Amino acid sequence: MLAYIIRRLLLIIPTLFGIMVVNFVVIQAAPGGPVEQLIAEISGTAVESTARLTGAAEGGEASGGGADGGESGYRGAQGLDPAFIAEIERMYGFDKPAHERFFLMLGNYIRFDFGTSFYSDRTVLQLIGEKLPVSISLGLWTTLLTYLISIPLGIRKAVKDGSPFDVWTSGIVIVGNAIPSFLFAILLIVLFAGGSYFDWFPLRGLVSDNWHELSWPMKIVDYFWHMTLPLIALTIGAFAGLTMLTKNSFLDEINKQYVITARAKGLDERQVLYRHVFRNSMLIVIAGFPGAFIGILFTGALLIEIIFSLDGLGLLGFEAALRRDYPVMFGSLFVFTLLGLIVKLISDLTYVLVDPRIDFERREV
């Protein structure tokens, strides 16, 4: 097992390198970028502006505004001093060739130096650290709630296959699968967050403004008070697929010969289900845990974060992509990928806990 873990850890290095190469090439080929956005800002054609961009624009106009811009590879650069354009490129690090910038970036990433955001004057690690509690809260609690609901329900549906219980719970599962999480979130706001009926839950934030002044029991209550509606919205959209996966896995195992043999030997039905069937049928459910957790943590909660004004990693990555904030984009991608690979390794090790017969030492990585 130790040799397998070491091999998997070593494979993380080329995997990260390949992912970073592909994304770097794609980003370089995509139109637009921070230089173009700043030029558009100075030219008066950008819709958004930030304090940093405005300051840079004023400096550019003072130094070179109105000069003959000469030739430039950027649209909207006419009328701007070429020296000023070169200064913008140097400020964003685009005065170097692409391959040199890539390897410089990798060298910094080895030291976990992800640079500073183009627009907020804070390091990428600081931004991720600020947003991480929100995304961890959504991802962890949603995944736990989903598994706590889906596994018992799926097992029960498998045992009662074809019964009235199976039929009406299947209706609930179908409705949960059909309604998008963000739409259900809007419905919850209308019903319970002061929309049109009740005003029982807060509409924004992870905690109240006076959270630091509360006692520890009240801090916990306040935290879950704010998390209730987002968690319900995410869980409704996530439990349906896992419930059916659990049910189908159990049905597949229940009909196998070893289960029939165990029953013929006189074993109690509970022993058959939880000593034999559970161990085998849960393997495929456990295999989906990393994808479920990482998906909810980094991408699945994006619209929920927007609707409930929760400033998490999903919103951070989305805004960075829109604004071409490359340090945030690549830094968060590196951290997310590394975390995903580690969680996948943990999932493989969990296989062994569920079924000790699995031996990864005999597998080729």
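Position one of the sequence shown corresponds to residue 0 (numbering that gives the first Met the number 0), numbered consecutively onward.
Where is the CB? At the ideal position from N, CA and C, for every residue including glycine.
Here the structure is a predicted model, which means the values were calculated and not measured.
| Check | Outcome |
| --- | --- |
| Spatial distance of Arg19 from Met328 (CA atoms) | The amino acid occupying residue 19 in the given sequence is Met; Arg does not appear at that position. Computed Cα separation, rounded: 11 Å. |
| Proximal residues to Asn107 (C-beta, below 8 Å), its chain only, five neighbours per side dropped | Phe113 and Gly114 |
| Close-in-space but distant-in-sequence residues of the same chain around Gly330 (CB under 6 Å, 5 per side omitted) | Phe113 and Val123 |
| Ala192 in three-state terms, based on DSSP | strand |
| Sequence-distant residues of the same chain with beta carbon closer than 6 Å to Phe23, five excluded per side | Phe101 |
| Start-to-end residues for the alpha helix (DSSP H) that takes in Val21 | Leu1 to Ala28 |
| Secondary structure of Asp198, DSSP reduced to three states | strand |
| Sheet register partners of Thr115 (DSSP bridge) | Thr122 |
| Proximity of Phe292 and Thr142 at Cβ, strictly below 8 Å | yes |
| Endpoints, alpha helix (DSSP H) assigned at Val174 | Pro163 to Ala177 |
| Which of helix, strand or coil DSSP assigns to Phe181 | helix |
| DSSP state of Lys246 mapped onto helix, strand, coil | helix |
| Cβ neighbour criterion (16 or more within 10 Å) applied to Asp95 | According to the sequence as given, residue 95 is Lys; it is not Asp. Counting Cβ neighbours within 10 Å, Lys95 comes out exposed, since fewer than 16 surround it. |
| Meets three-Cβ-pair contact criterion under 8 Å: the stretch 157 to 167 and the stretch 181 to 200 | no |
| Proximity below 8 Å, CB of Ile283 to CB of Leu244 | yes |
| Segment contact flag, the stretch 222 to 239 with the stretch 197 to 204, C-beta cutoff 8 Å, min 3 pairs | yes |
| Span of the alpha helix (DSSP H), counted from its first residue to its last, around Ile295 | Neither: Ile295 is in no alpha helix (DSSP H) and is coded neither H nor E. |
| Thr234 classed as buried or exposed, judged by whether at least 16 other C-beta atoms fall within 10 angstroms | buried |
| Minimum length 4: unbroken alpha helix (DSSP H) runs contained in the stretch 303 to 361 | 312 to 322 and 325 to 353 |
| Cβ-based burial, Gly311 [other Cβ within 10 Å; buried from 16] | buried |
| For Lys264 and Ile12, the rounded distance between their alpha carbons | 51 Å |
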